[in-house]
Amino acid sequence: MKKDYYDILGVHKGASEEEIKSAFRKLAHQHHPDKKGGDESRFKEASEAYAVLGDKKRRAEYDTYGRTFAGGAGAGASGFSGFDFSQFTQDFGGGGGVEFDFGDVFSEFFGGSHRAESRGRDISIDIELSFRESVFGTERRVLIAKVGVCDVCKGSGAAADSKKHTCKACNGKGEVRETRSTFFGQFTSRRVCAECRGKGEMPDALCAVCRGAGVLKREEEIRITVPHGVSDGEMIRMPKMGEAISGGETGDLYVKLHVTPDRAFSREGNNILMSLSIKLTDALLGTEYKIQTLDGEEKVHIPKGVAHGELIRIKELGVPYGRGSRGDLLVRISIGLPKKLSREAQELIEQLKREGL
1 MKKDYYDILG
11 VHKGASEEEI
21 KSAFRKLAHQ
31 HHPDKKGGDE
41 SRFKEASEAY
51 AVLGDKKRRA
61 EYDTYGRTFA
71 GGAGAGASGF
81 SGFDFSQFTQ
91 DFGGGGGVEF
101 DFGDVFSEFF
111 GGSHRAESRG
121 RDISIDIELS
131 FRESVFGTER
141 RVLIAKVGVC
151 DVCKGSGAAA
161 DSKKHTCKAC
171 NGKGEVRETR
181 STFFGQFTSR
191 RVCAECRGKG
201 EMPDALCAVC
211 RGAGVLKREE
221 EIRITVPHGV
231 SDGEMIRMPK
241 MGEAISGGET
251 GDLYVKLHVT
261 PDRAFSREGN
271 NILMSLSIKL
281 TDALLGTEYK
291 IQTLDGEEKV
301 HIPKGVAHGE
311 LIRIKELGVP
321 YGRGSRGDLL
331 VRISIGLPKK
341 LSREAQELIE
351 QLKREGL
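With UniProt numbering, the residue at position 196 of the sequence shown is 196, and numbering never jumps.
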């Protein structure tokens, strides 16, 4: 029975080159024999299908005749036994198979021949802010224990005035090449040299403080500038303030902000909301109240006949944003009703009732 390569990869006959490549990636990642639970036969089957459908000429032959001819009479639909691996490796840049670079397709399984850039670990911390601090911004100084650059050798790992010589482990290249043999051929990967840490050279005398590492764990005080208008749960990224690594890039520091709820104020976008309880007579006749805002004491005018729950807007006393702009302060009116009335007050209320109020 002839194999359906489209069915093997799980794509339709009109699939694009990218769709075919993506389908093969997924199957290869799932069934690779070097992975736990991998299925070598399924991996070979998917590889065979991709070798045909991933090549324009072979795919055209397969679509027309149900087989391919570039790999010999046995190639194509005759099964995996007739699959030409030497041609397959050439198609992916392997040349004669002595040194094969997986590149785009296989790098995630074997590491390819691409050297991963060294980078220090990122750090995440949490800080608490008051509502006022979240509105106007603030500055915090925190003490963090982390791996940082050695202050004595400035990250070089060498003692003062020490000369350097070529690293013997990597011959000054800063990396070591490793070759693995698989059923596809030999595959070469690269890693950072452990001796010189990717620098390609070694000092004659090591730094006495970090012992040649160039980095060491220590406590460091970090100044964190919190901008105005931040929200609860917001994250501040501080580039290259994380952990350092010898010969590589320093990681980042992530600061998660937690804003403590305020009893008097809350936010609605760039506006600040507060409540003001007033007397019934003030609601009917109107008056002025003094209120405490984040900017200090302010006067708010209560108009005659103000309704319960009505909002009074005081402009530009809200959250700062942009360049010099601010939201507004919204004062929600709450009319307080007396629980007990004196005889005189009750008579006055009865009189108002008779007048239709």
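Using N, Cα and C, we set each Cβ at its ideal position, and we do this for glycine too. Treat the numbers as computed from the prediction; the structure is a model and nothing was measured.
DSSP three-state assignment for residue i, whether helix, strand or coil
| i | result |
| --- | --- |
| Arg121 | coil |
| Ser325 | strand |
| Ser231 | coil |
| Arg263 | coil |
| Val255 | strand |
| Lys340 | coil |
| Asp84 | Its pLDDT being 44, under 50, Asp84 is placed unreliably by the model, and nothing is read from it. |
| Ser41 | helix |
| Val306 | coil |
| Thr250 | coil |
| Ile245 | coil |
| His31 | helix |
| Leu206 | strand |
Sequence-distant residues of its chain with Cβ nearer than 7 Å to residue i (five each side left out)
| i | result |
| --- | --- |
| Arg140 | Ile127, Ile224 and Val226 |
| Glu40 | Pro33 |
Rounded Cβ spacing between residue i and residue j (contact assumed at less than 8 Å)
| i | j | result |
| --- | --- | --- |
| Asp63 | Asp252 | In fact, because the Cβ distance is near 50 Å, the residues do not count as touching under 8 Å. |
| Arg332 | Leu317 | About 14 Å separates the two Cβ atoms, so there is no contact after all. |
| Leu257 | Asp232 | 7 Å |
| Thr250 | Glu201 | Actually they do not touch by this definition, with Cβ atoms about 21 Å apart. |
| His301 | Ser334 | The Cβ separation is near 17 Å, so there is no contact. |
Burial state of residue i, where buried means 16 or more other Cβ atoms lie within 10 Å
| i | result |
| --- | --- |
| Arg58 | buried |
| Leu337 | exposed |
| Met241 | buried |
| Ala158 | buried |
| residue 411 | Past the edges of the chain, shown from 1 to 357, lies residue 411, and the structure says nothing about it. |
| Tyr321 | exposed |
| Val192 | buried |
| Ser189 | buried |
| Ala28 | buried |
| Lys264 | First, the amino acid is wrong: residue 264 is Ala here, not Lys. Ala264 is exposed by the Cβ-count criterion. |
| Ser277 | exposed |
| Gly14 | exposed |
| Ala60 | exposed |
| Lys199 | buried |
Contact set for residue i: own chain, Cβ-Cβ below 8 Å, skip 5 residues either direction
| i | result |
| --- | --- |
| Ile20 | Leu9, Val11, Tyr50, Leu53 and Gly54 |
| Glu297 | Lys290 and Ile291 |
Which listed residue (the options) has its alpha carbon closest to that of residue i
| i | options | result |
| --- | --- | --- |
| Glu220 | Asp161, Ala145, Ile272 and Ala158 | Ala145 |
| His31 | Arg25, Phe43 and Val192 | Phe43 |
| Leu341 | Ile335, Ile349 and Ser334 | Ile349 |
| Gly155 | Gly324, Lys290, Met274 and Arg197 | Arg197 |
| residue 369 | Phe136, Ala194 and Gly137 | Shown here, the chain extends from 1 to 357; a query on residue 369 therefore has no answer. |
| residue 417 | Met274, Met202, Val215 and Ala205 | Outside the modelled stretch of the chain, which goes from 1 to 357, sits residue 417, for which no answer is possible. |
| Phe136 | Gly324, Arg343 and Gln351 | Gly324 |
| Ile314 | Ala307, Ile302, Leu330 and Arg218 | Leu330 |
| Cys210 | Thr179, Gly200, Ala244 and Arg190 | Ala244 |
| Glu18 | Asn171, Lys56, Glu355 and Gly174 | Lys56 |
| Ala208 | Gly172, Ser189, Val152 and Ala28 | Val152 |
| Glu234 | Ala264, Glu175, Lys279 and Leu129 | Leu129 |
| Ser275 | Thr293, Ala169, Gly172 and Ala205 | Thr293 |
| Leu280 | Gly305, Gly212, Glu288 and Ala23 | Gly305 |
Other residues of its chain near residue i: CB distance less than 6 Å, five sequence neighbours each side excluded
| i | result |
| --- | --- |
| Asp262 | Phe131 |
| Ser124 | Tyr254 |
| Gly327 | Asn270, Asn271, Gly318 and Val319 |
| residue 363 | As shown, the chain starts at 1 and ends at 357. That puts residue 363 outside it, with no answer to give. |
| Gly120 | Gly242, Glu243, Ala244, Ile245, Thr250 and Gly251 |
| Gly248 | Ser118 and Arg119 |
| Tyr5 | Ala49, Val52 and Leu53 |
| Ala169 | Cys193 and Glu195 |
| Pro239 | Asp252 |
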